[in-house]
Amino acid sequence: MLCLCIIQCQSYNLPIKSLPKIPKMNVLNQKIWNLTKPATLNYMMGPIVGMIDTFWIGQLGNPTQLAGAGTAEQLFSIFYMMNSFLPTIISPKINHLHNQQNNEKIKQLISCSLILSVMMSLISTTIMLNYSNALLNISLSKQVTIFNEAYDYFVYRSFGMIFTLNNCLIFGIFRGFMKIDKVINIIFKSQIINIVLNPIFMTYIGVKGVAISSVLSDIYVSFHYLKMLYHDKQFTLKMPHFVHDVLLLLKQGIFILHIKF
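Position one of the sequence shown corresponds to residue 1423 (our numbering), numbered consecutively onward.
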């Protein structure tokens, strides 16, 4: 648009300086940009890494492994989406409490949400491991050649649910604090680990190696996320309204899931 304006001005022999000045970014816009930029990079990282996983499976494996891993990853994503409502709730709550400098309430909210996330992820992991055959049978028949590949990938990928959900939650926590730059750096390093391990594990143990490398990269992120929260002293064992807070988060989560699905 700017280029068209310049060309039109030149065609009418108008000075470029007569163009309206682009307003400088104000403080609010700068804050929004500083928050949006790393968050956008975080959301872009998942599809990019998925493309890299697909590339290595396609290069070192066969079409059966590629199809099996894709089917299993879709099933894993369904469980993830059903349990990933907490960041949407936590981020604005923490931002509001942070502006009020209510540090004790922030600690209680973070601790409560982390415990709830672990509980949900353990339930999901248990269901995924114990009923993996039945879950995959919904979209695949056991007689289909890709079933075994999908099963191997899904079982190993299931062990990463607790780390994947916690990483998503803690990212939302730091987003509430408006501190995402360090978080993005951790995510970037973890995906470098994933990219390096993918071809190595894929070569020696097949498609399950891609799932294992994803789990290991999620463990790396969880370790550093929890380390940051511990360093900032954002944990507490004093949660006098734990049951009430958990039920409230679940009630709000059901509403978010209703909008998602």
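Every residue, glycine too, gets a C-beta built ideally from N, C-alpha and C.
What you are looking at is a predicted structure, and each value in this text was computed from that prediction instead of being measured.
Between which two residues does the alpha helix (DSSP H) harbouring residue i extend?
i     : result
Y1652 : V1629 to H1653
I1602 : That residue, I1602, is in no alpha helix (DSSP H); it is neither H nor E in DSSP.
F1507 : First-last for F1507: undefined, no H or E at that position.
I1537 : N1525 to N1552
V1577 : F1569 to S1580
Looking only at its chain, what residues have a beta carbon closer than 7 angstroms to the beta carbon of residue i, apart from the 5 residues adjacent to it on each side?
i     : result
L1436 : For L1436, the predicted model reports a pLDDT of 43, less than 50, meaning its position is unreliable; a value from the coordinates is still stated below. The answer is none, since no qualifying residue turns up.
I1444 : Residue placement at I1444 is poorly supported in this model, since its pLDDT is 47, which falls under 50; the coordinates still yield a value, given next. Cβ neighbours of I1444 beyond the five flanking positions: none.
S1636 : R1579, G1582 and N1616
Y1642 : S1612 and I1615
I1479 : Q1487, L1488, A1491, M1624, V1629 and V1632
Among the options, which has the Cα closest to the Cα of residue i?
i     : options                       : result
S1535 : L1488, S1546, C1590 and N1521 : C1590
D1667 : H1518, S1533 and T1493        : S1533
N1505 : L1538, G1483, Q1522 and F1657 : L1538
L1482 : H1518, L1671, D1640 and G1631 : G1631
G1675 : K1527, A1556, Y1502 and F1507 : F1507
Q1523 : L1651, Q1565, F1599 and D1640 : F1599
M1661 : L1638, S1554, K1529 and N1525 : K1529
K1649 : I1634, L1670, S1636 and V1605 : V1605
F1501 : Y1642, Y1553, N1521 and S1639 : Y1553
I1560 : L1519, N1517, Q1496 and M1503 : Q1496
T1655 : N1521, K1515, G1480 and E1526 : Thr is not the amino acid found at residue 1655; the sequence shown has Lys there. Selected option, being the one with the closest Cα: E1526.
Got a sec? Which residues, its chain only, sit under 8 angstroms from residue i by beta carbon, not counting five neighbours each side?
i     : result
N1570 : G1490
F1498 : M1550, F1576, R1579, S1580 and M1583
T1510 : G1594 and I1678
L1651 : I1532, I1592, I1595 and F1657
D1640 : G1582, F1585, T1586, N1589 and S1612
Where does residue i land, buried or exposed, given buried means 16+ other C-beta within 10 angstroms?
i     : result
T1701 : Outside the modelled stretch of the chain, which goes from 1423 to 1683, sits residue 1701, for which no answer is possible.
H1663 : exposed
F1677 : exposed
L1562 : buried
V1665 : exposed
M1542 : buried
F1623 : buried
N1620 : buried
S1556 : Before going on, a small fix: residue 1556 reads as Ala here, not Ser. So A1556 counts as exposed.
L1519 : buried
H1653 : exposed
L1671 : buried
In its own chain, which residues sit with a C-beta less than 6 angstroms from the C-beta of residue i, not counting the 5 before and 5 after it?
i     : result
R1597 : S1513
T1486 : T1567, I1568 and E1571
N1588 : S1539 and S1644
Comparing the C-beta of residue i with each C-beta of chain D, is any distance below 8 angstroms?
i     : result
G1631 : Chain labels in this structure do not include chain D; a single protein chain is all it has.
Could you tell me whether the segment 1609–1624 touches the segment 1574–1585, where touching means 3 or more Cβ pairs closer than 8 angstroms?
-> no
Does the pairing of the segment 1469–1483 with the segment 1613–1623 give three or more beta-carbon distances under 8 angstroms?
-> yes
Is it a yes or a no for the segment 1481–1498 touching the segment 1562–1580, going by three-plus beta-carbon pairs under 8 angstroms?
-> yes
Report yes or no: do the segment 1623–1640 and the segment 1540–1558 share at least 3 C-beta pairs separated by less than 8 angstroms?
-> no
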